[in-house]
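Inspection log for the structure reproduced underneath, given as structure tokens.
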Amino acid sequence: MMTTSRWLGYLSDESRVTATVPRLCDKVERRLSEITCTAQVFEAANLFALMLFRAGMTDDARTVCHAELAFALRRRGRSDWPETVAFAVQPQINLLRLDGYAGDHHRGLRGLQELAEISRTRGGALPDADISSPDWAVVPDWNLLRNTIRDVVIADTCKVTHRRSTAAALLEAAAVLRAHWPLSSHSGAQHAYEAPYLVDAVRAERDGVAAVGGIGRRSGLTRAIQLCHLASQLAQAGERGPAEAHAQTAQRFVAQAGSLTLQSRLTRLRIRCAIADTLHATGHVSRARAEFEQVVLELDGEDPALACDIVRRLGGPDSATAGQAPTTVGPERVRILLDRVMTTLTDGRH
């Protein structure tokens, strides 16, 4: 059983790029004009690959990612090779995401397992590039890269499995991830502790299958996320009292998280949406509406898709998006950008 906050997907904290395709195009153009170092080459190319994925041009996105990996490998032996090793991980992640969300998701999940081995042991190789144990040994900030890979593995394994496989497969995958990284709810991606509640919150709560590990504000936030799903499901089942109680507890945990630094400020806003959803389902329509409207104000255009979802949640028309900035770009502009990015990755000047 999925909760009523299913329209929000996972609530766990993660970096979110919410810009529309035209805005991503603008950013790529600016990045390309500002390139002075290797890091900026990867930054522009990664952003462009994301834009291509959002535009449905998955084959071109794969081409860019493979070109990034080839660009990285050509720098082997140079003074910036240790930093380049770390930069090469992102296009590899992007390739696995392309498989996971828009291609062979089994291959994507296998690749994520290979990344998990890298994070846990500092051994193993990237699935699509000859970068392996000797290269990980020279990365200047291994702890940062290790934790970044860990969080990607946790989040994307859960999200891909949730989207493209069965509930049983998601529960199994999340259990494996919790066993590998038992304190990820305390310091890391929270998705493996959220997944059982996304599937069946009442059962997860009863069986204690995802008891939150660690103490502190982030663990409290993880617990708030679990309670959001529990409250939502109970409200859907007509159990108004318990639903309201769990929603109130979730609100307290979010408040206690206070100034906790998150990867995205949208995390708190999405959690507030989930709580407002429960308020709406338990008959507190005016309070829910007021909270939803406040969230839209605080979004301040940062996540147009979420704002439109909220409008529809409140019974607004699908035409609520009318008059907003365009969400697509012309093929000629994309092709010009593709040529610029590929030239940057292959001309050897950087």
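In our numbering, the protein residues as written are 23 to 372. Think of the CB as a built atom: it goes at the ideal place given N, C-alpha and C, for glycine as much as any other residue.
- Item | Top-ranked residue by Cα proximity to H127, from T183, A61, D48, H251 | T183
- Message: Using CA atoms only, rank isn't needed, just tell me which of A226, L252, T143 is closest to T271.
- Response: L252
- Report the rounded CA-to-CA distance for R239 versus F275, giving the unit in angstroms. 8 Å
- Grab me the residues of P264's own chain with a C-beta within less than 7 Å of its C-beta, minus the 5 sequence neighbours each way, in chain order. L256
- Message: Determine whether the beta carbon atoms of V317 and L291 lie at a separation below 9 Å.
- Response: yes
- Message: By the three-class DSSP mapping on this structure, what secondary structure does W29 have?
- Response: helix
- Query: What are the boundary residues of the alpha helix (DSSP H) that P104 is part of?
  - Reply: 103 to 124
- Task: Measure the alpha-carbon distance for G125 versus A191 and round it to whole angstroms.
- Result: 18 Å
- For Q285, does the three-state DSSP call read helix, strand or coil? coil
- What number of angstroms, rounded off, separates the C-alpha of R311 from the C-alpha of G337? 11 Å
- What are the complete alpha helix (DSSP H) segments, minimum 4 residues, inside the segment 288 to 346? 288 to 303, 307 to 321, 326 to 335
- Ignore the nearest five residues each way along the sequence and tell me which others in E227's own chain have a CB closer than 7 Å to its CB. L252
- Query: Okay, do the segment 136 to 146 and the segment 168 to 179 touch, 3+ Cβ pairs below 8 Å being the bar?
  - Reply: yes
- Count the other CB atoms within 10 Å of the CB of G352; is the residue buried (16 or more) or exposed (fewer)? exposed
- Measure the alpha-carbon distance for V160 versus T304 and round it to whole angstroms. 56 Å
- Measuring CA to CA, which of R100, Q278, D331 is closest to G31? D331
- Residue range of the unbroken alpha helix (DSSP H) whose run includes V174: 164 to 186
- Taking DSSP as the reference, what is the three-state secondary structure of V39? coil
- Query: Are there 16 or more other CB atoms within 10 angstroms of the CB of G260, so buried, or fewer, so exposed?
  - Reply: exposed
- Query: Do the CB positions of L362 and L54 come within less than 9 Å of each other?
  - Reply: The residue you asked about is not Leu; residue 362 is Arg in the sequence shown. The answer is yes: Cβ separation under 9 Å.
- For C250 versus A269, is the C-beta spacing smaller than 9 Å? yes
- Message: Buried or exposed, going by whether 16 or more other CB atoms sit within 10 Å of the CB of Q285?
- Response: exposed
- Message: For the structure I just gave you, are there three or more beta carbon pairs, one from the segment 107 to 126 and one from the segment 50 to 67, closer than 8 Å?
- Response: yes
- Would A195 pass as a contact of C180 if the rule is Cβ separation under 9 Å? yes
- Message: For a quick check, are the C-beta atoms of Y219 and A232 less than 9 Å apart?
- Response: yes
- Chain-order list of residues whose beta-carbon lies under 8 Å from that of L205 (same chain, five-residue window excluded): G235, G236
- Query: A177 and H213 look like a contact to me (Cβ under 8 Å); what is the Cβ gap, rounded to whole Å?
  - Reply: 5 Å
- Query: What span of residues does the alpha helix (DSSP H) with V278 cover, start to end?
  - Reply: One detail in the question is off: residue 278 reads as Gln in this sequence, not Val. Where Q278 is concerned, the enclosing alpha helix (DSSP H) stretches over 262 to 279.
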